[in-house]
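Chemist: Sequence lines, in order, name chains A and B. Here the first sequence is numbered in this note's numbering, starting from 141 and rising by one per residue. Here the second sequence is numbered in this note's numbering, starting from 141 and rising by one per residue. Below is a structure I'd like to ask you about.
Protein chains: 2
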Amino acid sequence: MSSSNVILLYDIPGNVAGKAWSPNTWKTRYALNYKGLPYKTIWVEYPDIAQVCKEIGATPTSTKEDGSPYFTLPAIYDPSTNTALSESARIARYLDKTYPGTPVLIPPETDAFHAAFQEALQRLVLQNISPLMLPPTCLQLNPPSYVYFRETRERMYGKKLEEFTPVGPIRDEHWQKVQDGYSRMSSWLTADGKDKLFFMGDKICYADISIAGWTVWMKLVLGPDSAEWAAIKAWDGGRWSRFMEHFEKYEFVDE
Amino acid sequence: MSSSNVILLYDIPGNVAGKAWSPNTWKTRYALNYKGLPYKTIWVEYPDIAQVCKEIGATPTSTKEDGSPYFTLPAIYDPSTNTALSESARIARYLDKTYPGTPVLIPPETDAFHAAFQEALQRLVLQNISPLMLPPTCLQLNPPSYVYFRETRERMYGKKLEEFTPVGPIRDEHWQKVQDGYSRMSSWLTADGKDKLFFMGDKICYADISIAGWTVWMKLVLGPDSAEWAAIKAWDGGRWSRFMEHFEKYEFVDE
């Protein structure tokens, strides 16, 4: 789709199939594909993200340690409302409000629950997944992003990417914690004695899309044929394999 | 109410007004009062909890470090279905299912969200509130519970109750973290730009009751006239004061 009136989705290219690898931009891509909203992907290398966000008018999502604004993707520009927005949950709320005829991502009565869920997800999964996933993520970036990503992440962690999770007990422990986090989420989905695939039951909501975003990152960057992805698919009796199968129809990249 | 056919709620007595002080049993009491279900409170001192649970057939809620079963309150016995149950969230689900004509605590489409919320609440608030609240809680217990509570909590923390949070910087830091946790919950309630008092908007659900249970613990044990409670009421622009006002009509003890 390349109509001049479609939403522009700003994303970071990599060398995985389809180019799109970022968990956070996948959340917005899944959201757009799930809603059936046409869009066009604009590829932005890491060193250009701040400039591009400023140009379209997308606000920074946080502040760096030195106090300067921190711009991140995903961002969208929607020509039909002349709106630029960053941060995947804000974008989801905007899409729900602006396109009421499309499937709802965050039903209003679940909005506070969605925010609480993000907090729980952050603490359970993300802090363990990042040290495992940042090194292979860096390796599949294009040269300008590779240099930027390596420098910023190594400064953040105070060590070389190769030292984040070398093969051995520390790496194994991180994987165990990620697996434990997914098991905990599995326990939420069965807390009432029913075996729900999605948070609200049969229908996908933004909590599911968030999990799918983090999970597709592992699938694409580790590789769908990797031993690690095969292990993940077997976690919790194959729950996450079944879960991700449902997202396959939304796993495409409109350029 | 003392009809022979009402639900029995097993609770731990203290010397606060109304006797009921426990955050977890308050969750079930709020739930019963909110649903308008008649019940009778059975007061159980700490050393007797395991025996009473075994007698009515309420299962342990976890396992002690030595591998033996750990029985906790709240527990209920419902003569109309001959059911004994422990653990406040399980009881809430049971009440929703068994009494469908009453206000719903956990709407099915929010069940997984409620479980995720509990995880976030646990990590944000409870781990900081306990070291502050256990010492004054112990002081208002009756002698048999006082001895039991002091022994078990001191073993758990490896220090005397008086050393948990002595007046000074460590205590201040704990209070700051509890306040930060409440502020974080406040941010969830305003994430969509609306200023919701309750998780689902206007109607109380079990997430709200959980927060109210922990909050009423502070109010009753620190004292409604204490400087600490006055400070809590001012957090987040008075949000939690307004929040707890709505729970006052459910804050009674049927004996």
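Note that the Cβ used here is the ideal one computed from N, Cα and C, for glycine as well.
1. Just tell me which of A:VAL184, A:ALA374, A:THR223, A:PHE253 has its CA closest to the CA of A:TYR401.
2. So, is the C-beta of A:GLY353 closer than 8 Å to a C-beta in chain B?
3. Take B:LYS180 as the anchor and find which of B:ASP188, B:THR165, B:THR203, B:VAL146 has the nearest alpha-carbon.
4. Taking the continuous alpha helix (DSSP H) assigned at A:ALA232, which residues delimit it?
5. Any idea what DSSP makes of B:PRO247, helix, strand or coil?
6. Can you name, in chain order, every residue of its own chain whose Cβ lies under 8 Å from the Cβ of B:TYR210, other than the five neighbours on each side?
7. Could you work out which residues of chain A lie near B:ARG263, taking near to mean beta carbons separated by less than 7 Å?
8. Apart from the five residues just before and just after A:TRP380, which ones in its own chain have a Cβ nearer than 7 Å to its Cβ?
9. In angstroms, rounded to a whole number, what distance separates the CA positions of B:LEU337 and B:ARG324?
10. Could you tell me which chain B residues have their CB closer than 7 Å to the CB of A:ASP251, listed as they occur along the chain?
11. If you draw a straight line from the C-alpha of A:ASN268 to the C-alpha of B:SER220, how long is it?
12. Would you kindly work out how many angstroms separate the C-alpha atoms of B:GLU368 and A:THR305, rounded to a whole number?
13. For B:LYS336, return the contacting residues in chain A, with the cut-off set at a CB-CB distance below 7 Å.
14. Note down, in chain order, every chain A residue with its Cβ under 8 Å from the Cβ of B:GLY341.
15. Whose Cβ in chain B lies nearer than 9 Å to the Cβ of A:ARG233?
16. Within 10 angstroms of the Cβ of B:GLY378, are there 16 or more other Cβ atoms? Answer buried if so, exposed if not.
17. As a quick exercise: from B:SER326, B:ILE344, B:ASN222, pick the residue whose alpha carbon is nearest that of B:GLU388.
18. Measuring CB atoms only, is the stretch 277-291 of chain B touching the stretch 215-234 of chain A, in the sense that at least three cross pairs come out at less than 8 Å?
19. Thinking just about the alpha-carbon of each residue, which of A:TRP161, A:VAL156, A:LEU148 is nearest to the one in A:GLY353?
20. Spell out whether any CB of chain B is found under 8 Å from the CB atom of A:TRP328.
21. Hey, is B:GLU391's beta-carbon within less than 8 Å of any beta-carbon in chain A?
22. Within its chain, find whatever has a CB closer than 7 Å to the CB of B:VAL361; leave out the 5 residues flanking it on each side and keep chain order.
23. Select from the stretch 305-329 of chain B all residues with a C-beta closer than 9 Å to any C-beta belonging to chain D, and list them in chain order.
24. Is it right to say A:MET296 is buried, meaning 16 or more other beta carbons lie within 10 angstroms of its own, or is it exposed?
25. How would you label B:PRO240, buried or exposed, when you count the other beta carbons within 10 angstroms and need 16 or more for buried?
26. Do you know how far the Cα of A:PRO163 is from the Cα of B:TRP328?
27. Of all Cβ atoms in chain B, is any one closer than 8 Å to the Cβ of A:ALA160?
28. In or out: A:SER350 buried (at least 16 other Cβ within 10 Å) or exposed?
29. Name the two residues that bound the continuous alpha helix (DSSP H) containing A:ASP376.
30. Please report the residue range of the beta strand (DSSP E) in which B:MET149 lies.
31. So, does the stretch 248-262 of chain A touch the stretch 253-262 of chain B, judging by three or more C-beta pairs under 8 Å?
32. How far does the alpha helix (DSSP H) with B:ALA160 in it reach, from first residue to last?
33. By the criterion of Cβ-Cβ separation under 7 Å, what are the contact partners of B:ALA260 in chain A?
34. Runs of 4 residues minimum, wholly inside the stretch 265-320 of chain A: which ones carry the alpha helix (DSSP H) assignment?
Modeler: So, from the data block:
1. A question about residue 401 of chain A goes unanswered here, because the residues of chain A that appear run from 141 up to 395.
2. Using a CB distance cut-off of 8 Å, A:GLY353 does not count as an interface residue toward chain B.
3. Ranked by Cα distance from B:LYS180, the options B:ASP188, B:THR165, B:THR203, B:VAL146 are led by B:VAL146.
4. For A:ALA232, the uninterrupted alpha helix (DSSP H) segment begins and ends at 228-238.
5. Three-state result, B:PRO247: coil.
6. Taking B:TYR210 as the centre and dropping the five residues before and after it, the same chain places the C-beta of PRO200, THR201, SER202, THR203, LYS204 closer than 8 Å to its C-beta, in chain order.
7. Taking a Cβ-Cβ threshold of 7 Å, the residues of chain A close to B:ARG263 are ARG263, in chain order.
8. Around A:TRP380: TYR322, THR355, ILE372, LYS373.
9. The straight-line gap from Cα to Cα measures roughly 14 Å.
10. Listed along the chain, the chain B residues whose CB falls inside 7 Å of the CB of A:ASP251 are ALA331, ASP332.
11. Those two C-alpha atoms are separated by around 48 Å.
12. The straight-line gap from Cα to Cα measures roughly 45 Å.
13. Those are ALA252, listed as they occur along chain A.
14. Simply PRO248, GLU249.
15. By Cβ distance, chain B contributes ALA331, ASP332, GLY333.
16. Only exposed fits B:GLY378, as fewer than 16 other CB atoms lie within 10 angstroms of its CB.
17. With distances taken between CA atoms, B:GLU388 lies nearest to B:ILE344 out of B:SER326, B:ILE344, B:ASN222.
18. At 8 Å Cβ cutoff, the stretches do not touch.
19. For the set A:TRP161, A:VAL156, A:LEU148, the Cα lying nearest the Cα of A:GLY353 is the one of A:TRP161.
20. Judged by the 8 Å Cβ criterion, A:TRP328 is in contact with chain B.
21. Taking Cβ atoms only, chain A never reaches closer than 8 Å to B:GLU391, which makes this a no.
22. Cβ within range, chain order: VAL156, TRP161, MET273, PRO276, THR277, GLN280.
23. Among the protein chains of the structure shown, namely A and B, there is no chain D.
24. The C-beta of A:MET296 has fewer than 16 other C-beta atoms within 10 Å across all chains shown, which makes the residue exposed.
25. Exposed.
26. Going by the C-alpha atoms only, they are around 22 Å apart.
27. Judged by the 8 Å Cβ criterion, A:ALA160 is not in contact with chain B.
28. The C-beta of A:SER350 has 16 or more other C-beta atoms within 10 Å across all chains shown, which makes the residue buried.
29. That run of the alpha helix (DSSP H) goes 367-387.
30. Per the sequence presented here, residue 149 of chain B reads as Leu, with Met not at that position. First-last of the beta strand (DSSP E) with B:LEU149: 147-151.
31. Short answer: they touch.
32. It is not in any alpha helix (DSSP H) - B:ALA160 carries neither H nor E in the DSSP assignment.
33. Within chain A, the residues near B:ALA260 are ALA256, GLU259, ALA260.
34. Counting whole runs of 4 or more residues, the stretch 265-320 of chain A contains the alpha helix (DSSP H) stretches 267-279, 283-297.
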